[in-house]
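For any residue, its number in our numbering is found by taking its place in the sequence shown, counting from 1, and adding 39.
Heads up, the beta-carbon is just placed ideally off N, CA and C, and yes, glycines get one too.
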Amino acid sequence: MSGWNVIVIGGGHAGLEAAWAAAKFSRVALLIGNPATVGRMPCNPAVGGPGKSQLVFELQAMGGLMGRLADETAIHTRVLNASKGPAVQSLRVQNERDAYAERAQDVIFGHPNIDILRGEAADLESDGQGGWLVVTTDGRRLAARSVVVAAGTFMRGVTWYGRQSRAEGRQGEPPSRFLSAPLARAGHVLKRFKTGTPPRVRADAVNFSELLEIPADPNPRGFTGTPGPRAAESPTWQTHTTAETHRLIHENIHESPMYAGDIEGLGPRYCPSIEDKVVRFAHHDRHLLFVEPDGVQTSEVYLQGFSSSLPPHLQDALVRTLPGFEQAVIQRYAYAVEYDVVDSLELTLNLESKLMPGVFTAGQINGTSGYEEAAAQGLIAGTAAARRAGGEAEQFIGRETGYIGVLLDELVFKGSNEPYRMMTSRVEHRLLVRQDNADERMTPIGHALGLVDAAEVARVEAKYARVQAGIDALAAQRAQGQTGDAWLRRPEFTLPDVEALGVTLPDLSAAEREAVEIRVKYAGYIRRAEIQLRAEDRSRDLSLGGVDFTAIASLSNEAREKLTRLQPQTVEQASRISGVRHADISALLVHLKGLGVSRET
Numbered sequence: 040m041s042g043w044n045v046i047v048i049g050g051g052h053a054g055l056e057a058a059w060a061a062a063k064f065s066r067v068a069l070l071i072g073n074p075a076t077v078g079r080m081p082c083n084p085a086v087g088g089p090g091k092s093q094l095v096f097e098l099q100a101m102g103g104l105m106g107r108l109a110d111e112t113a114i115h116t117r118v119l120n121a122s123k124g125p126a127v128q129s130l131r132v133q134n135e136r137d138a139y140a141e142r143a144q145d146v147i148f149g150h151p152n153i154d155i156l157r158g159e160a161a162d163l164e165s166d167g168q169g170g171w172l173v174v175t176t177d178g179r180r181l182a183a184r185s186v187v188v189a190a191g192t193f194m195r196g197v198t199w200y201g202r203q204s205r206a207e208g209r210q211g212e213p214p215s216r217f218l219s220a221p222l223a224r225a226g227h228v229l230k231r232f233k234t235g236t237p238p239r240v241r242a243d244a245v246n247f248s249e250l251l252e253i254p255a256d257p258n259p260r261g262f263t264g265t266p267g268p269r270a271a272e273s274p275t276w277q278t279h280t281t282a283e284t285h286r287l288i289h290e291n292i293h294e295s296p297m298y299a300g301d302i303e304g305l306g307p308r309y310c311p312s313i314e315d316k317v318v319r320f321a322h323h324d325r326h327l328l329f330v331e332p333d334g335v336q337t338s339e340v341y342l343q344g345f346s347s348s349l350p351p352h353l354q355d356a357l358v359r360t361l362p363g364f365e366q367a368v369i370q371r372y373a374y375a376v377e378y379d380v381v382d383s384l385e386l387t388l389n390l391e392s393k394l395m396p397g398v399f400t401a402g403q404i405n406g407t408s409g410y411e412e413a414a415a416q417g418l419i420a421g422t423a424a425a426r427r428a429g430g431e432a433e434q435f436i437g438r439e440t441g442y443i444g445v446l447l448d449e450l451v452f453k454g455s456n457e458p459y460r461m462m463t464s465r466v467e468h469r470l471l472v473r474q475d476n477a478d479e480r481m482t483p484i485g486h487a488l489g490l491v492d493a494a495e496v497a498r499v500e501a502k503y504a505r506v507q508a509g510i511d512a513l514a515a516q517r518a519q520g521q522t523g524d525a526w527l528r529r530p531e532f533t534l535p536d537v538e539a540l541g542v543t544l545p546d547l548s549a550a551e552r553e554a555v556e557i558r559v560k561y562a563g564y565i566r567r568a569e570i571q572l573r574a575e576d577r578s579r580d581l582s583l584g585g586v587d588f589t590a591i592a593s594l595s596n597e598a599r600e601k602l603t604r605l606q607p608q609t610v611e612q613a614s615r616i617s618g619v620r621h622a623d624i625s626a627l628l629v630h631l632k633g634l635g636v637s638r639e640t
């Protein structure tokens with residue numbers, strides 16, 4: 040059939056969210072090579088972690104799909120950085136890999152507004168009236184007002200096993216052979232990136248008694264507020280490399296296609312291969328590895344931290360040097376994959392091509408890594424594509440809104456010369472945009488975009504009215520001469536400790552109690568962050584004309600070099616330069632303040 044407003048190309052995490060979001064507006068086509076691969080977790084079978092869980096909580100608040108799928112198929116949940124402040128606490132959910140894909144397919148294939156089309160995109164053609172034609176390899180010409188390209192690692196994809204390579208988008212799946220051409224023809228600069236994945240090992244060949252067991256949290260958490268029924272059913276484990284592991288890598292590094300110069304693509308700095316770790320960090324005598332099950336009835340385990348492009352015979356030997364893996368049998372070998380990406384500097388904040396209006400890109404095609412980053416882009420691109428197709432006004436999400444805003448801002452204004460990974464350190468005001476308040480921040484935005492209904496907005500508003508009532512109750516009651524909120528601000532006190540003194544709270548859910556505790560305990564820090572954010576907003580137009588950046592000692596070396604070379608004229612322009620971090624902008628503002636004159640343009 041025809042009559043689609045949006046066609047989404049690709050059924051990975053970006054494509055899923057794009058189709059899910061666009062289908063809230065009108066009929067959508069999802070073009071995929073093999074429906075059985077929709078929702079597949081080709082790397083680690085987990086969602087969340089530092090910087091990433093915040094993206095998923097924001098997605099959930101805006102009406103996205105990933106948090107729901109993760110919770111429904113969870114087998115292990117843990118809050119990482121639980122002993123640290125709320126700004127960096129991050130939920131990580133281990134999933135049953137096959138169940139995640141099955142649940143995704145149930146949701147997408149059963150959606151009344153989503154049509155599943157099987158085929159390979161061969162070309163993108165303008166229809167001359169502001170719309171697009173997706174031409175398939177079998178000659179079909181599929182018309183839509185907007186197109187979302189979510190091709191993942193498939194565009195001219197090549198997998199590497201040692202010095203041997205073959206044309207694949209990922210293990211066992213053909214690449215997207217032709218999509219790069221229309222993007223390049225339109226003027227897009229295409230770059231080659233590289234990523235990799237570890238070997239999968241037969242679980243019945245692992246001696247788990249030799250591994251360090253990491254139990255799930257006893258009180259499971261979830262992205263939706265309702266943890267799945269098996270969210271604490273499985274542990275994960277930890278092992279480590281040994282001197283023998285390192286010896287084998289050093290002796291055989293010439294068999295790595297990266298070190299041999301076969302791969303031209305740039306790999307991720309923050310997720311290096313095991314050979315990279317051993318070579319670049321030679322002063323470490325071991326590297327920790329996480330052993331993650333692919334399900335409750337585990338048939339294989341995933342060696343997180345052991346990605347490699349070394350040949351299979353070496354992988355067999357290397358894995359057997361790890362404690363607990365002496366008799367290991369590899370079921371699926373590690374590989375590197377090299378693929379085309381667009382330069383994200385050529386996109387708008389809604390991920391629309393500046394060169395092909397009506398064509399949007401989302402996920403690893405934009406130079407990112409990770410399921411969570413891909414899903415966030417999919418939601419934004421799918422929503423914007425549907426709104427454009429329906430003639431609705433364009434709306435943008437700014438950096439100040441949270442992690443999704445930072446992700447978009449950095450891709451579009453800074454770009455990346457390697458696969459981009461979201462981290463808490465990239466978010467300058469992370470105390471204000473925590474995972475626990477994502478619904479308060481992002482649900483109204485989702486409603487304004489047409490993704491969230493009024494009933495959900497009302498539910499969130501009622502939740503935070505109850506939170507405020509709890510805060511007010513603490514401030515209004517005294518125990519032993521101090522108010523309840525003063526007691527709670529003591530580092531050693533928690534809400535139960537305050538209640539034990541006789542202070543009473545309204546009936547609150549666990550999430551609402553957590554919100555009360557965070558807001559009271561960190562009130563001073565939160566106020567300070569809010570004041571700083573307002574000050575920075577007022578400072579964006581301050582002039583940097585004539586500033587000698589080499590004289591500012593507190594700048595990082597990278598920032599000093601780039602500011603001197605590029606000579607931005609305002610603080611706003613400086614903040615957009617890749618490599619100039621929030622700390623560098625703070626140093627510039629301190630320097631300007633020391634000059635003692637108004638420098639507004």
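Use the C-beta contact count for residue i: other C-beta atoms within 10 angstroms, 16 or more gives buried, fewer gives exposed.
i: proline 257; result: exposed
i: serine 347; result: buried
i: serine 548; result: exposed
i: leucine 544; result: buried
i: leucine 222; result: buried
i: glutamine 403; result: buried
i: glycine 50; result: buried
i: methionine 40; result: Note that methionine 40 scores 47 on pLDDT, short of 50, meaning its location in the model is unreliable; the coordinates nonetheless yield the value given after this. Exposed is the call here.
i: serine 248; result: exposed
i: glutamate 303; result: exposed
i: alanine 622; result: exposed
Which whole-angstrom value describes the C-beta separation of residue i and residue j, a residue pair presumed to lie in contact below a C-beta threshold of 8 Å?
i: leucine 234; j: threonine 192; result: It should be noted that the sequence gives threonine, not leucine, for residue 234. Contact holds; Cβ gap of about 7 Å.
i: arginine 460; j: serine 408; result: 5 Å
i: alanine 143; j: leucine 108; result: 6 Å
i: aspartate 587; j: threonine 609; result: Between threonine 609 and aspartate 587 the Cβ distance is about 16 Å, and since that is not below 8 Å, they are no contact.
i: glycine 643; j: leucine 349; result: Residue 643 lies beyond the range of the chain shown here (40 to 640); nothing can be said about it.
Using a Cβ-Cβ cut-off of 7 Å (strictly less than) and excluding sequence neighbours within five positions of residue i, which residues of its own chain qualify?
i: arginine 180; result: Leu172 and Val174
i: glutamate 553; result: Asp475
i: threonine 337; result: Ala242
i: glutamate 283; result: Thr360
Less than 8 Å between the beta carbons of residue i and residue j, yes or no?
i: glycine 437; j: arginine 184; result: no
i: alanine 487; j: alanine 57; result: no
i: proline 6; j: glutamine 366; result: Nothing can be reported for residue 6: it is not among the residues displayed for the chain, which extend from 40 to 640.
i: isoleucine 703; j: alanine 626; result: Summary: the structure shown does not reach residue 703, with the chain confined to residues 40 through 640, and so no result is reported for it.
i: glutamate 479; j: valine 451; result: no
i: aspartate 333; j: arginine 131; result: no
i: threonine 31; j: leucine 361; result: Given a span of 40 to 640 for the chain in the structure shown, any question on residue 31 remains unanswerable.
i: glycine 417; j: histidine 52; result: yes
i: leucine 602; j: valine 619; result: yes
i: alanine 432; j: glycine 103; result: no
i: proline 81; j: arginine 209; result: yes
i: valine 340; j: glutamate 331; result: yes
i: glycine 406; j: valine 376; result: no
i: threonine 463; j: valine 118; result: no
i: leucine 218; j: methionine 194; result: yes
i: arginine 66; j: asparagine 152; result: yes
Give me, in chain order, the residues of the same chain whose beta-carbon lies closer than 6 Å to that of residue i; leave out the 5 immediate sequence neighbours on both sides.
i: valine 54; result: Checking the sequence, you will find glycine at residue 54 rather than valine. Correct list, in chain order: Val47 and Ala189.
i: alanine 68; result: Trp43, Ile46, Asp154 and Leu156
i: proline 204; result: The question names proline, but residue 204 in the sequence shown is serine. Once the five neighbours on either side are set aside, the close Cβ partners of serine 204 are Val197.
i: alanine 138; result: Thr112
i: valine 537; result: Gly523, Trp526 and Leu527
i: serine 312; result: Gly235, Ser346 and Ser347
i: glutamate 252; result: Pro274 and Trp276
Short of 8 Å in beta carbon distance, which residues of its chain neighbour residue i, apart from the five on each side in sequence? Order them along the chain.
i: alanine 477; result: Gln93, Phe96, Glu97, Gln99, Ala100 and Gly441
i: arginine 465; result: Gly90, Val445 and Glu449
i: valine 629; result: Ser593
i: valine 358; result: Pro238, Val240, Leu342, Phe345, Phe364, Ala367 and Ile369
i: alanine 514; result: Thr522, Gly523 and Asp524
i: alanine 518; result: Trp526, Val537, Leu540, Gly541 and Val542
i: isoleucine 292; result: Tyr298, Glu314 and Val318
i: glutamate 556; result: Leu527, Thr533 and Leu534
Quick one: does the C-beta of residue i sit closer than 7 Å to a heavy atom of the ligand PLP?
i: leucine 490; result: The ligand PLP is not among the ligands present in this structure, which contains no ligands whatsoever.
| field | Secondary structure, beta strand (DSSP E): runs of 3+ residues fully inside the stretch 192 to 243 | value | 197 to 200, 203 to 206, 229 to 236 and 239 to 241
| field | beta strand (DSSP E) segments (min. 3 residues) lying fully within the stretch 77 to 117 | value | Listed in chain order, the complete beta strand (DSSP E) runs (minimum 3 residues) inside the stretch 77 to 117 are 85 to 87.
| In the stretch 114 to 181, which residue ranges form an unbroken beta strand (DSSP E) of at least 3 residues, counting only runs that do not cross its ends? | 129 to 134, 153 to 157, 160 to 165 and 171 to 175
| task | Kindly provide the ranges of any beta strand (DSSP E) runs that are 3 or more residues long and lie completely inside the stretch 350 to 413, ordered along the chain. | result | At a cut-off of 3 residues, the continuous stretches assigned as beta strand (DSSP E) that sit fully inside the stretch 350 to 413 are 369 to 371, 374 to 381 and 398 to 400.
| query | Fully enclosed by the stretch 413 to 472, which beta strand (DSSP E) runs are 3 residues long or longer? | reply | none
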